[in-house]
Each structure stands twice: as C-alpha cells, then as structure tokens.
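Engineer: 1 is the number of the first residue of the sequence shown in UniProt numbering; add one for each residue after it.
Where a beta carbon is used, it is the ideal one built from N, C-alpha and C, also for glycine.
Being a predicted model, the structure only gives us computed values, none of them experimental.
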Amino acid sequence: MSNTRPVLAARRVSFDWADTPLHWVPGDPFTTHTINVLHLLLPAGERWFVQVYQQVLPHITDEELRADVIGFIGQEAVHAAAHDEVLPQLRRLGLDPTPYTAQVDWLFGKLLGDRTLPPGRASRWWLWERVALIAAIEHHTAFLGDWVLNAKELDRCGADPTMLDLLRWHGAEEVEHRSVAFELFQHVDGSYRRRARTWATAFSALVFLWQRGTRFFLANDPTLTGGRASLAQYYGAGRRGVLPALPDVLRSGPRYLSRGYHPRDEGDTAQALAYLATSPGANPTDRTDRTDRVEGGR
Ligand SMILES: [Fe+2]
Ligand SMILES: [Fe+2]
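What follows is the structure, encoded as structure tokens:
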C-alpha cells in the first residue's frame, strides 16, 4: 500500500434538499435524470459493497489494507445514506422512484447477494467474484468522481449547488479511496481472467441499468410528455461538458484491462482532498446532523 495516501475515514455530511428543483440542471431534464440515476443505483449498490467487504475482512492479512477497507466501508455507508435522502425530495416533486429501486434492490440483494453454498471453495469463489466486481465498479466510480470534480460546465449552466456539492463530495471520496477495491482484489485473488471477466459484466450491467434508469425518469417525469432518452442526446450532452464525453467513457474501460493498471494513475488525490476541505456538505456547521447515525452504526 502506498504511504502517500492519508488514512481513510468517513466524513459527516449534511445536505438540505428543500430548494432543489426537479430539473436541477436548468432546462435540461436529460442531463438531470441521467445523473439522477446515481440516486437509484448507489444506495443499494454501496450497501452491497459494505456487506461483501464485511465478509472479506477476516481474509485480509495486511493491516494497512485492512484499515483502508474499514475506512472504505465507512465512506460507502455514508454515500448510500446521502443518496437515499434525495429520493423523498423526488417523490415530493412528483417522481416516485420506487418501481425502479425495487428492481435494483432485487439485483443487489438477491442476484448478487449471499448464497447458500458449502463452506470452502464454492463460497470463496462467490466472494472473490464479488470482490472483483466491486473493483471493476470502483474503477468507474473513480472515473466519474474525477469527471465531476472537473465538470465546470455544470457550474456555468447554473446547476443546483446542493446537488453539485453532493456529487463532488461523493466524487472526491471516490477519488480518495480509488485504490482500495483494486488492492483488495489483488490481495485476495488478483487473477487477470477474473478481472477481465468481471469488468465486462460490470460495465455491461452499468450501461444497461443507466440507460434504463434514465428512460424510467424521463417517462415518469410529471412535467414532461413523451420524455425519451437516446444515445444522440448523451453524445450531445457529453460534447457540451454536462456529462462525461462518450469517447472518454469508452476509453476508460480498456485502461482497467491493461496489465500495468493501477487506480493511482486515475484522478488527482490532492484535488479531491482540496474539494473535501471546502465542501459545504462535508463541513456542516451543525455537527449533530443526521448522518451521524450512519457513522455510529457501521
Ligand atoms: Fe461511493
Ligand atoms: Fe467507492
């Protein structure tokens, strides 16, 4: 493990959604809802990370890595809770996400959840498979975190400052802990074939879930009639800089598959820590905020 990385720990956060409009990227429901898919996927997905990693802890023989994994678990638990808190605001604005989140809960709780397997090889195979899937997903969350920290066009177009802060606080912590999942995978297994196979699965699933989530939001947005999503819209938003550019997304995957890959080469830790030092949500004036209970409960 690198000695240059500070000790990972969850930060207390507080976000007030009362003034966030439905289309928090003004006049751009497509971009708004494409990014909103994060609020559908992350609560269940990041709690699944936590559940899997708690099972991996006894297999970690490197104390520094164990400390990082514990810090990672704390950060992901707070991320899940913070995104969860956006959902009531969406409901208040007339957009009920329950039909979609029920499917996501099934995916992470049942399909990717614990299975009744005999102890030994079979149960270890399923655990390592999930550790590898998380490493692949974390490659993409680090990519998105780095993108949103640098997405100046979202500021220029007047995006809601609270939503931007949520995304940048989360993105900055994704950049901060970007090496943990890969190093854990290398520590317990590290098979290249497993890395490639699980990346292909994770990337395909993310693309599928993301376009489906965007379509769900656009179809159920009470202010739109016949809201639709298309690859051309995504391409245009990427060119404008309000979403990650499609060529950058497509280039990011193969980097994970290169033999010399290490997440330290993705993103900028100093930039992430600088954002975290000034993020309004991560530096709340009221220290008795609601995510205290998430930290206390992990
Ligand atoms: Fe996260
Ligand atoms: Fe993460």
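What's the gap between the Cα of Thr-101 and the Cα of Gly-45?
Structural biologist: 11 Å
Engineer: Would you say Gly-145 and Val-180 are within 7 Å of each other, going by their C-beta atoms?
Structural biologist: No.
Engineer: If we ignore side chains and look at the alpha-carbon of each, how far apart do Glu-138 and Ala-132 end up?
Structural biologist: 10 Å
Engineer: Taking the alpha-carbon positions, what's the Trp-125 to Ala-159 distance?
Structural biologist: 44 Å
Engineer: Identify which residue in Ala-202, Arg-178, Thr-141 and Gln-75 has its Cα closest to the Cα of Ala-270.
Structural biologist: Arg-178
Engineer: State yes or no: is the C-beta of Glu-266 nearer than 6 Å to some heavy atom of ligand 1?
Structural biologist: no
Engineer: Quick check: what's the CA-CA separation for Asp-165 versus Leu-111?
Structural biologist: 32 Å
Engineer: Cβ atoms of His-79 and Val-188: under 7 Å apart, would you say?
Structural biologist: No, they are not a contact pair.
Engineer: Using beta-carbon positions only, say whether Pro-222 and Gly-71 come within less than 7 Å of one another.
Structural biologist: no
Engineer: Any heavy atom of ligand 1 inside 6 Å of the beta-carbon of His-177?
Structural biologist: no
Engineer: Could you pull the start and end residues of the alpha helix (DSSP H) that Ser-204 belongs to?
Structural biologist: In the DSSP assignment, Ser-204 falls within the alpha helix (DSSP H) that extends over 192-220.
Engineer: If Thr-198 sits next to Glu-266, beta carbons under 8 Å apart, how far is it from one beta carbon to the other, in whole angstroms?
Structural biologist: Between Thr-198 and Glu-266, the beta carbon gap of about 18 Å keeps them out of contact (Cβ cut-off 8 Å).
Engineer: Once you ignore the five residues that flank Asp-19 on each side, which residues in its own chain have a CB closer than 6 Å to its CB?
Structural biologist: none
Engineer: Whole angstroms is fine: what's the gap from Phe-15's alpha carbon to Arg-91's?
Structural biologist: One C-alpha to the other measures close to 17 Å.
Engineer: Please report the straight-line C-alpha distance between Leu-41 and Val-104, rounded to a whole angstrom.
Structural biologist: 7 Å
Engineer: For the putative contact between Val-249 and Leu-154, defined by C-beta atoms under 8 Å, what is the C-beta separation to the nearest angstrom?
Structural biologist: Actually they do not touch by this definition, with Cβ atoms about 17 Å apart.
Engineer: Just the Cα atoms here: how many angstroms apart are Ser-204 and Gln-211?
Structural biologist: Going from the Cα of Ser-204 to the Cα of Gln-211 covers about 11 Å.
Engineer: Quick check on the DSSP output: the alpha helix (DSSP H) that includes Thr-98 runs from which residue to which?
Structural biologist: 98-106
Engineer: Looking at Thr-214 and Val-37, is the spacing between their C-beta atoms short of 7 Å?
Structural biologist: yes
Engineer: Report the three-state DSSP secondary structure of Gly-226 (helix, strand or coil).
Structural biologist: coil
Engineer: Closer than 7 Å is what we want: which residues have a beta carbon that near any heavy atom of ligand 1? List them in chain order.
Structural biologist: Sorted by position in the chain, Leu-42, Glu-46, Gln-75, Glu-76, His-79, Thr-141, His-170, Glu-173 and Glu-174 make up the residues whose C-beta lies under 7 Å from a heavy atom of ligand 1.
Engineer: Along the chain, which unbroken stretches of the alpha helix (DSSP H) at least 4 residues long are found entirely within the region 103-171?
Structural biologist: 121-149 and 152-156
Engineer: Do Pro-118 and His-83 count as a contact pair if the criterion is CB distance below 7 Å?
Structural biologist: no
Engineer: With a CB to CB cut of under 8 Å and the five nearest residues on each side skipped, what residues in its chain are close to Asp-292?
Structural biologist: Confidence at Asp-292 is low in this model, with a pLDDT of 43, below 50, so the placement of that residue should be treated as unreliable; the coordinate-derived value is given next. Correct list, in chain order: Arg-12.
Engineer: Whose CA, out of Leu-149, Leu-167 and Arg-156, lies closest to the CA of Arg-240?
Structural biologist: Of Leu-149, Leu-167 and Arg-156, the residue nearest in Cα terms is Arg-156.
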